[in-house]
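Numbered by our numbering, the letters in the sequence shown go through residues 212 to 326 in order. Even glycine gets a Cβ: it sits at the ideal position worked out from N, Cα and C. Every value quoted in this text rests on a predicted model; they were computed, and no experiment measured them.
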Amino acid sequence: MKKIVILISGAGSNMAAIVQAAHQQRWDQRLGVQVAAVISNKPGAAGLDWLRSQSAYSAIQTDVLEHAQFESREAFDQALMKRIDVHAPDLVVLAGFMRILTPGFVAHYAGRLIN
């Protein structure tokens, strides 16, 4: 099964569209693809609240890694990579993720990162 991790910062409308399409079109059965996790850099992100309220998507893990708690962009990106890599994603989707990523982050997911 190929895994997708989605990164969001706010309302999560793009994430919701992806999650709903994956569910309605049965990506897991037809394509062997699943949304494994949604991670936000903001604890109050409405997109996480929406996802957690949808019982049909309860298998999708949610996580928050607050960027303001890190001294540098590099430190945040390193911590974020660790959180993402727990899921061993085949694809990382930036769906309204409002952070500029470091070259090291982009290189780590080369060929697997969609904005």
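| Roughly how many angstroms lie between the CA atoms of T313 and I217, to the nearest whole one? | As a position in the sequence shown, residue 313 is number 102, starting the count at 1. As a position in the sequence shown, residue 217 is number 6, starting the count at 1. Approximately 17 Å between the Cα atoms of the pair.
Leaving aside the five residues before and after F305 along the sequence, list all residues of the same chain whose C-beta is less than 6 Å from its C-beta, in chain order. The residue given as residue 305 occupies position 94 in the sequence shown. Before going further, note that residue 305 is Leu rather than Phe in the sequence given. Excluding residues up to 5 positions away in sequence, L218, N326 lie with their Cβ nearer than 6 Å to the Cβ of L305 in the same chain.
Practice task
Using a threshold of 8 Å, state whether the C-beta atoms of Y268 and H234 are closer than that.
Solution key: Taking the sequence shown and counting its residues from 1, the one referred to as residue 268 is at position 57. Taking the sequence shown and counting its residues from 1, the one referred to as residue 234 is at position 23. Taking 8 Å as the Cβ cut-off, Y268 and H234 qualify as a contacting pair.
* **Per-residue burial, M328 [other beta carbons within 10 Å of its own, 16 or more giving buried]** => Any answer about residue 328 is impossible in this case: the structure gives the chain only from 212 up to 326.
* Same chain, Cβ closer than 6 Å to W238, five either side skipped, listed in chain order -> Indexing the sequence shown from 1 puts residue 238 at position 27. Same-chain partners within the cutoff: V244.
Thinking just about the alpha-carbon of each residue, which of S220, K213, K214 is nearest to the one in I311? In the sequence shown, the residue the question calls residue 311 occupies position 100. Closest option to I311, Cα to Cα, is S220.
inquiry  = Assuming A321 is part of the beta strand (DSSP E), what are its boundary residues?
reply    = Locating residue 321 in the sequence shown gives position 110, counting from the first residue. No beta strand (DSSP E) contains A321, which DSSP labels as neither H nor E.
Task: Per DSSP, cross-strand counterpart(s) of S251 - done: To locate residue 251, count along the sequence shown from 1; it is residue 40. According to DSSP, S251 bridges with I219, V275.
* Pull up the CB-CB distance for L291 and R323, whole angstroms please, since I reckon it's below 8 Å. => The residue given as residue 291 occupies position 80 in the sequence shown. The residue given as residue 323 occupies position 112 in the sequence shown. Their Cβ separation, rounded to whole angstroms, is 14 Å, which puts L291 and R323 out of contact at 8 Å.
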